[in-house]
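Numbering (the working numbering), first residue to last: 3 to 533. In this text, a Cβ means the ideal position worked out from N, Cα and C, and glycines have one as well. These numbers come from a predicted model, not from an experiment.
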């Protein structure tokens with residue numbers, strides 16, 4: 003059952019032109035606060051939020067503390083996504099070939115794209131995607147939360163619920179257009195919209211269920227059940243213009259910009275840290291080029307069993323692209339992408355190891371700028387995209403190049419045993435921290451000494467869940483609230499509050515907080531300050 007939260011989030015959008023509907027969502031009292039562009043005002047509210055500032059202490063892929071070098075964190079990544087997204091939006095809106103179609107699809111405003119890009123990672127927990135997976139697992143299995151945890155849904159929750167701007171505001175009080183542009187996955191885990199996108203064949207990117215546990219629901223989703231009414235309201239201006247499961251044009255641009263930044267800038271980091279070596283990358287790409295015909299004859303099982311041998315892993319990527327994205331996968335484009343990445347990366351950036359010199363930094367800057375220009379210039383708009391794509395998409399050649407770039411850092415960095423060792427420790431830390439906080443929150447003798455923010459988050463979650471489930475109903479003829487349902491609501495609220503609390507920490511705060519809770523730290527609790 004969908005929630006019925008505060009009226010500011012569930013009201014019906016006003017009639018009138020589409021621009022008025024895209025603005026809907028702000029409180030009337032806030033109208034005088036708006037700048038010439040209300041979407042720019044949204045951007046300013048986002049960058050002024052402490053949740054945005056904390057991203058400077060959250061891992062992107064490699065923990066800055068573990069690498070010993072300056073690498074991207076979630077803050078610098080968000081800034082670069084915003085930069086790329088705005089460049090794409092400005093180029094498309096300046097092109098007469100696209101203007102009419104963009105308007106028919108709901109509009110495209112560079113300020114909306116920039117604001118959504120800045121906000122899209124607000125909900126990412128400590129330790130990057132690893133933390134996201136750990137929190138989802140413990141939320142579902144230990145805390146009994148069917149929605150679990152998802153970084154995109156957490157970002158949406160922050161801007162609509164848990165970030166407070168005065169007594170009358172809920173969340174950051176953003177316009178409908180910006181909230182809709184944040185929704186890379188505009189559905190909940192199981193129930194909205196109906197029929198659920200996970201039932202489509204093929205399913206939209208991210209909507210498919212995990213094959214080992216289909217009951218969990220979609221792997222990726224944009225809002226928890228408690229924010230489903232807000233999702234509907236933000237998307238209402240686009241009803242009848244795009245399908246319920248499709249991204250808005252502005253969300254599609256933000257999503258594409260995120261992919262571009264991820265593919266390019268993470269390669270920069272791995273080169274700086276020194277873990278992305280020319281030899282292994284060259285061996286993989288060149289071996290595949292020389293033996294592509296022979297590798298295509300091997301069975302999938304044989305390719306998987308010998309994945310450690312050069313050429314096998316990228317052949318497996320070629321097959322995966324055909325299975326998942328047959329709408330665009332092309333052997334010719336794939337081979338050209340491998341060759342282009344080999345020339346640019348193996349014979350270019352990785353030719354000289356990074357030594358911290360001005361020349362080395364210039365080499366990285368040139369590589370990044372050249373790739374960004376190439377990819378931004380290859381983005382177009384289509385009126386009828388495939389199910390697994392948005393209305394804004396890369397040309398076939400550049401789409402394949404992004405897949406190969408992402409493959410390189412997955413194969414030669416994320417699969418490293420030393421990184422796995424580091425991440426297993428971080429995963430244990432987060433799981434232990436959740437357990438320690440749960441023991442504290444549920445201790446009846448400690449209720450008066452909980453951190454004030456944690457206490458407030460429990461109250462907020464209780465109110466939201468009561469509205470969502472109708473747990474205020476009376477139990478039979480007794481005239482008293484159902485005890486079991488009330489206890490279940492309190493337990494769920496405590497679990498959601500703990501997840502909200504942990505997700506608001508930086509990497510360093512998570513480490514310090516666990517140290518304090520386990521008695522390993524000699525410092526006072528106040529040194530582990532959190533939002």
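Cβ-Cβ distance between residue i and residue j below 8 Å
i, j, result
"residue 1", "residue 133", "Past the boundaries of the shown model lies residue 1; the chain is included only from 3 to 533, so the question cannot be answered."
"residue 509", "residue 128", "yes"
"residue 370", "residue 266", "yes"
"residue 471", "residue 452", "no"
"residue 239", "residue 178", "yes"
"residue 313", "residue 286", "yes"
"residue 252", "residue 86", "no"
"residue 41", "residue 111", "yes"
"residue 318", "residue 330", "no"
"residue 416", "residue 404", "no"
"residue 467", "residue 164", "no"
"residue 400", "residue 429", "no"
"residue 389", "residue 120", "no"
"residue 225", "residue 155", "yes"
"residue 335", "residue 258", "no"
"residue 277", "residue 418", "yes"
"residue 75", "residue 90", "no"
"residue 47", "residue 176", "yes"
"residue 460", "residue 406", "no"
"residue 392", "residue 249", "yes"
Selected residue, minimal CA-CA separation from residue i, among the options
i, options, result
"residue 358", "348, 275, 440", "275"
"residue 268", "83, 339, 329, 97", "83"
"residue 394", "451, 447, 244", "244"
"residue 44", "118, 516, 106", "118"
"residue 173", "179, 162, 181, 78", "162"
"residue 138", "220, 330, 413", "220"
"residue 321", "338, 300, 311", "300"
"residue 263", "513, 88, 503, 442", "88"
"residue 152", "144, 176, 175, 125", "125"
"residue 556", "199, 368, 323, 78", "Given that the chain is displayed from residue 3 to residue 533, the structure contains no residue 556 and the question cannot be resolved."
"residue 235", "459, 514, 462, 24", "24"
"residue 384", "311, 48, 99, 93", "99"
"residue 375", "78, 93, 447, 388", "93"
"residue 424", "250, 207, 130", "130"
"residue 237", "435, 414, 186, 81", "186"
"residue 218", "175, 147, 231, 279", "147"
"residue 135", "207, 222, 441", "222"
"residue 58", "39, 79, 47", "79"
"residue 208", "199, 215, 214", "199"
"residue 455", "446, 439, 447, 469", "439"
"residue 1", "261, 414, 360, 280", "Outside the shown range of the chain, which is 3 to 533, sits residue 1, and nothing can be said about it."
Delimiting residues of the alpha helix (DSSP H) encompassing residue i
i, result
"residue 510", "509-519"
"residue 153", "153-159"
"residue 180", "178-184"
"residue 419", "419-443"
"residue 132", "130-143"
"residue 124", "Residue 124 -> no alpha helix (DSSP H), and no H or E assigned at all."
"residue 190", "Segment: none, residue 190 is in no alpha helix (DSSP H) and carries neither H nor E."
"residue 109", "Neither: residue 109 is in no alpha helix (DSSP H) and is coded neither H nor E."
"residue 454", "454-471"
"residue 79", "76-96"
"residue 54", "52-55"
"residue 149", "Per DSSP, residue 149 belongs to no alpha helix (DSSP H) and is neither H nor E."
"residue 306", "302-307"
"residue 46", "40-49"
Range covered by the beta strand (DSSP E) that runs through residue i
i, result
"residue 330", "Residue 330 -> no beta strand (DSSP E), and no H or E assigned at all."
"residue 396", "394-396"
Heavy atom of the ligand GDP within 7 Å of residue i beta-carbon
i, result
"residue 355", "Of ligands this structure carries none, so the ligand GDP is not represented either."
Cβ-Cβ separation, residue j to residue i (assumed contact under 8 Å), whole Å
i, j, result
"residue 191", "residue 123", "So it is not a contact: roughly 19 Å between Cβ atoms."
"residue 247", "residue 189", "6 Å"
"residue 351", "residue 273", "6 Å"
"residue 464", "residue 493", "About 10 Å separates the two Cβ atoms, so there is no contact after all."
"residue 141", "residue 501", "5 Å"
"residue 506", "residue 159", "In fact, because the Cβ distance is near 11 Å, the residues do not count as touching under 8 Å."
"residue 504", "residue 435", "6 Å"
"residue 316", "residue 340", "7 Å"
Beta carbon proximity, residue i to chain B, threshold 8 Å
i, result
"residue 41", "Judged by its chain identifiers, the structure shown contains no chain B, having just a single protein chain."
Extract the residue ranges of the alpha helix (DSSP H) inside the segment 238-300, only unbroken runs of 4 or more that lie entirely within it.
251-275, 280-298
Which runs of the alpha helix (DSSP H) fall wholly inside the segment 325-394 and span at least 4 residues, in chain order?
For the segment 325-394, whole alpha helix (DSSP H) runs of length 4 or above, ordered along the chain, are 333-343, 360-378.
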